[in-house]
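K.L.:
Note that the protein sequences, when read in sequence, are chains A and B.
Residue numbers for the first sequence follow my numbering, so the first one is 3 and each next one is one higher.
Residue numbers for the second sequence follow my numbering, so the first one is 3 and each next one is one higher.
Cβ coordinates follow ideal geometry from the N, Cα and C atoms, glycine included.
Just so you know, these numbers come straight off a predicted model, no measurement behind them.
Here it is, the structure in full.
Number of protein chains: 2
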Amino acid sequence: MDFKKIEYQKLLNFTCEIMKGLGYPQSQAEIASKVLVEADARGIPSHGVARLAFYKKNIDGNFTVPEAEPEIVHETPVSVVVDGKNGIGPYISKVTVEKCLEKAQQSGVCFGSVRNSNHFGIAGFWAELAARKDMIGMAFTNTRRCGIVTGGRERLLGTNPIAVAIPRDGGEPFLLDMATTTVAHGKIEVYDRRNKEMPLGWAVDEKGKDTTDAHHIEGLFKDRQGGYGGHLYLGGEGEMLGGHKGYGLGLLVELLCAGLSLGRWSKHTFEGEGSGTTHFFAAFRLDLFGNANDIKKHIDSILTDIQNSEKADGYDRIYIHGEKEWENRERAMKEGISLDPATCMLLQDFAQTFNIANPLH
Amino acid sequence: MDFKKIEYQKLLNFTCEIMKGLGYPQSQAEIASKVLVEADARGIPSHGVARLAFYKKNIDGNFTVPEAEPEIVHETPVSVVVDGKNGIGPYISKVTVEKCLEKAQQSGVCFGSVRNSNHFGIAGFWAELAARKDMIGMAFTNTRRCGIVTGGRERLLGTNPIAVAIPRDGGEPFLLDMATTTVAHGKIEVYDRRNKEMPLGWAVDEKGKDTTDAHHIEGLFKDRQGGYGGHLYLGGEGEMLGGHKGYGLGLLVELLCAGLSLGRWSKHTFEGEGSGTTHFFAAFRLDLFGNANDIKKHIDSILTDIQNSEKADGYDRIYIHGEKEWENRERAMKEGISLDPATCMLLQDFAQTFNIANPLH
């Protein structure tokens, strides 16, 4: 098979039908499909429809209760705490973020704290929703354990991404969406497959020692009895390049997500019933600080100055965070979303299994 | 001169007298002295009383109006926007954070946005105040321009620190306080003085190229007409080790501080009247999410598990952020604060100039 291109809406419908085939109810399948297809459209295939395999595994492994309805267990005018009941991450997140935006519209700000959820897709998707309403949006999540703290060797924390969206005038929002680990796990997998040495600063072995051996690290992750060695946080091993700061950011995300929700921290996700993933959201209105349009113009002027500033040797462009993804999305809406051969194969298999017409021809 | 030890309270009184000698009114001098002495007590001498030289320079250079009273220019039940009128950073921050805590006590949460301020000392000092009241506290600030964005070569953003304090049960709060640049400027100065090569990842030259030459970078900073070359953000040059993420964090701080306050961004601080430094604060109550004691216990259990987890080869301890500083402070309260010879000399000179009794004997 080759790479194939498919229209956004067609891929969305197709993905939704597969989700329903897997056993997800209509509302859950709709939002989960949307988050996956958005990732592909933005050029983040690691979080795209290829993840349907993971959604199947979540059902097969009993980590997910597809029909579960999230329950609000605590709320104030500026907060909502949600028990996801081991349901679908994107569905739980949609319910929570919509409640947050509604409350923030009233109160100016709202926080959403979620326990007993599952993977919610690209964090930026949730932060962006607030930015579309002249608010600053934030979304954080913990994950399976995979990261090593400074001075440690056990996998304790997750990739623990930080996403923040800030609206600008006359353009797409600033959208920072970053794992607090140096790289996402997919990057180590690629180096493993291609027999390449990783740079120092991505991972440590079971003794906590910096390593370039991608095969070895992949082996440690496959050893389910183990739990030693794994990802480093931004800044790498030790303190020389700020590894303790990256670890601090990962831990901050963990405390906001698992701590405030009284949920499971990454060390204990995927143990027992459900994955137990936790999230933290925030939305607050620009007009808490004055005229929202003035603020958006000021933000735009800062970002424009940075974009227009002088380039380093070897660079012809300076990017604002989110810019590459917005441009990818624009292209995908015109030219279709490009899917790699393995993903096309996966979708075709699902189409056959569930007897769904395959639009990928 | 040698290192000297001095009691906390004595150093506080002495520093306050010097501040008043420099022309700062009583209230301004009190809080500014407190922030400086706290830094020394916590083992962060780069932000300690040695900064009195900088406070003098700020007055001499007309960046500061010592007697200025900050003005609240906008407020809601969950926000306060303050124009610092080029007054003293710690005084403006105290007024703003106290207002934030008062409003958060009422509304559950409050944000503080500040323009036309000056250096506010250690960011963690301001975040901590909320944690002492069962709240999560955040403090951010921009600075003079010193940092290079990914793909750029002009100094545009500041060291732009992030501070977050989260209370735990039965112990001092988690207190992350980090420059978003790989290192604080003081570290480059030390390598310059000691004729040492810096690690790659700290700084780039005037062409935006990664360099280990501390002399050269110091030279660029001394060339006031220039403005090329400077600090890298966490993750270093390019994207291989996540430098674009560190740049994203630095930019996030810039947008929250300068963007929301309609103030000057780092590129334009110390141009014209005042330094134009901007800050952003947040405080929100733990009980927005349920029983505050339960949450603090849960947070403590996560942090304790991390502290007790297995160590990497060559490490005998895993630290939680803030822990080193709390231990330094405890020691300083028992044994006195240790000041290096250059700082003792500086204080002695001020004592002579202003005819103040010098307790450093």
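At a CB-CB cut-off below 8 Å, which residues of chain B make contact with M242 (chain A)?
P.N.:
In chain order: P201.
K.L.:
Starting from N118 (chain A) and walking both ways along the beta strand (DSSP E), at which residues does that stretch end?
P.N.:
Start and end: 111 to 119.
K.L.:
R170 (chain B) by DSSP, collapsed to three states: which one?
P.N.:
In this structure, R170 (chain B) counts as strand in the three-state DSSP scheme.
K.L.:
Can you give the Cα-Cα distance for N293 (chain A) and L262 (chain B), rounded to whole angstroms?
P.N.:
For N293 (chain A) and L262 (chain B), the distance between alpha carbons rounds to 10 Å.
K.L.:
For N120 (chain B), I'd like the list of residues in its chain whose CB is within less than 8 Å of its CB, leaving aside the five on either flank, ordered along the chain.
P.N.:
Taken in chain order, the residues that qualify are N60, F65, T66, G86, N88, G89, I90, G91, I94, G276, S277, T279.
K.L.:
Could you tell me which chain A residues have their CB closer than 7 Å to the CB of L264 (chain B), listed as they occur along the chain?
P.N.:
Here the neighbours are G292, D296, I297, H300.
K.L.:
Which of helix, strand or coil does DSSP assign to G221 (chain A)?
P.N.:
Three-state result, G221 (chain A): helix.
K.L.:
By alpha-carbon positions, which one of A:T161, A:H363, A:D171 ends up nearest to N295 (chain A)?
P.N.:
N295 (chain A) has its Cα closest to that of A:D171, out of A:T161, A:H363, A:D171.
K.L.:
Answer yes or no: do K339 (chain A) and I320 (chain A) have a C-beta to C-beta separation smaller than 8 Å?
P.N.:
With the sequence shown as reference, residue 339 (chain A) is identified as Ile, and Lys is not the correct amino acid for it. Taking 8 Å as the Cβ cut-off, I339 (chain A) and I320 (chain A) do not qualify as a contacting pair.
K.L.:
Go ahead and pull the three-state DSSP assignment for E5 (chain B).
P.N.:
Rather than Glu, the amino acid found at residue 5 (chain B) in this sequence is Phe. Residue state, collapsed to three classes: coil.
K.L.:
Would you tell me roughly how many angstroms separate the C-alpha atoms of D42 (chain B) and G50 (chain B), rounded to the nearest one?
P.N.:
Distance between the alpha carbons of D42 (chain B) and G50 (chain B): 5 Å.
K.L.:
Which bits of chain B does M180 (chain A) rub up against, with CB to CB less than 7 Å?
P.N.:
Near M180 (chain A) (Cβ distances below 7 Å), the residues of chain B are K247, G250.
K.L.:
From E312 (chain B) to T184 (chain B), what does the alpha carbon distance come to, in whole angstroms?
P.N.:
Roughly 27 Å separates the two Cα atoms.
K.L.:
Given this structure, state the Cα-to-Cα distance separating G173 (chain B) from D302 (chain B), to the nearest angstrom.
P.N.:
G173 (chain B) and D302 (chain B): Cα-Cα distance of roughly 8 Å.
K.L.:
Would you say G210 (chain B) reaches chain A, if we count a Cβ-Cβ gap shorter than 8 Å as a contact?
P.N.:
Closer than 8 Å: yes.
K.L.:
Would you mind telling me which residues of chain A sit closer than 7 Å to W267 (chain B), beta carbon to beta carbon, in chain order?
P.N.:
Result: I304.
K.L.:
Whose Cβ in chain A lies nearer than 8 Å to the Cβ of V67 (chain B)?
P.N.:
In chain order: nothing, as chain A lies at least about 23 Å away.
K.L.:
Can you tell me the Cα-Cα spacing of E2 (chain A) and G324 (chain A), whole angstroms?
P.N.:
Beyond the ends of chain A as shown, which are 3 and 363, falls residue 2 (chain A); an answer cannot be given.
K.L.:
Just list the residues that DSSP pairs M366 (chain B) with in beta bridges.
P.N.:
Limits of chain B in this structure are 3 at one end and 363 at the other, which puts residue 366 (chain B) out of reach.
K.L.:
Output the distance between the C-alpha atoms of T143 (chain B) and R134 (chain B), rounded to the nearest integer angstrom.
P.N.:
Taking the straight line from one Cα to the other gives about 21 Å.
K.L.:
Ignore the nearest five residues each way along the sequence and tell me which others in G110 (chain A)'s own chain have a CB closer than 7 Å to its CB.
P.N.:
Closer than 7 Å at Cβ, skipping near neighbours: F286, R287, L290.
K.L.:
So, is the C-beta of L54 (chain B) closer than 8 Å to a C-beta in chain A?
P.N.:
Judged by the 8 Å Cβ criterion, L54 (chain B) is not in contact with chain A.
K.L.:
If you draw a straight line from the C-alpha of W328 (chain B) to the C-alpha of K247 (chain A), how long is it?
P.N.:
Whole-angstrom Cα-Cα distance: 17 Å.
K.L.:
In whole angstroms, what separates the C-alpha of P141 (chain A) from that of G23 (chain B)?
P.N.:
The sequence as given places Ala at residue 141 (chain A); Pro does not occur at that position. In a straight line, the C-alpha of A141 (chain A) is about 48 Å away from that of G23 (chain B).
K.L.:
Rounded to whole angstroms, what's the CA-CA distance from I33 (chain B) to R157 (chain A)? Just pull it up for me.
P.N.:
Distance between the alpha carbons of I33 (chain B) and R157 (chain A): 42 Å.
K.L.:
Compare the C-beta of I320 (chain B) against all C-beta atoms of chain A and say whether one is closer than 8 Å.
P.N.:
So, interface residue.
K.L.:
Just to confirm, is the Cβ distance from V84 (chain B) to P68 (chain B) under 8 Å?
P.N.:
The answer is no: Cβ separation not under 8 Å.
K.L.:
Which partner residues of K313 (chain B) appear in the DSSP bridge assignment?
P.N.:
BP columns for K313 (chain B) point to A:G154.
K.L.:
Report the neighbours of H76 (chain B) on chain A: residues whose CB is nearer than 7 Å to its CB, in chain order.
P.N.:
Within chain A, the residues near H76 (chain B) are F291, G292.
K.L.:
At a Cβ cut of 7 Å, what residues of the segment 111 to 127 of chain B count as close to chain A, listed as they run along the chain?
P.N.:
Answer set for the segment 111 to 127 of chain B: V111, F113, S115.
K.L.:
Taking Q11 (chain A) as the reference, give the member of A:F5, A:V97, A:V37, A:F282 with the closest Cα.
P.N.:
Out of A:F5, A:V97, A:V37, A:F282, A:V37 has the C-alpha closest to the C-alpha of Q11 (chain A).
K.L.:
Please report whether the beta-carbon of H363 (chain A) lies at a distance below 8 Å from any beta-carbon of chain B.
P.N.:
So, not an interface residue.
K.L.:
Going along chain A in order, which residues have a C-beta closer than 8 Å to the C-beta of E156 (chain B)?
P.N.:
Neighbours of E156 (chain B) on chain A, chain order: S311, E312.
K.L.:
Nearest chain A C-beta to V51 (chain B) closer than 8 Å, yes or no?
P.N.:
It does not; no Cβ of chain A falls within 8 Å.
K.L.:
Within the 8 Å Cβ cut-off, does Y10 (chain B) reach chain A?
P.N.:
False, the Cβ-Cβ gap to chain A never drops below 8 Å.
K.L.:
Report yes or no: do three or more beta-carbon pairs, one from the segment 229 to 248 of chain B and one from the segment 188 to 203 of chain B, lie closer than 8 Å?
P.N.:
Yes, the segment 229 to 248 of chain B is in contact with the segment 188 to 203 of chain B.
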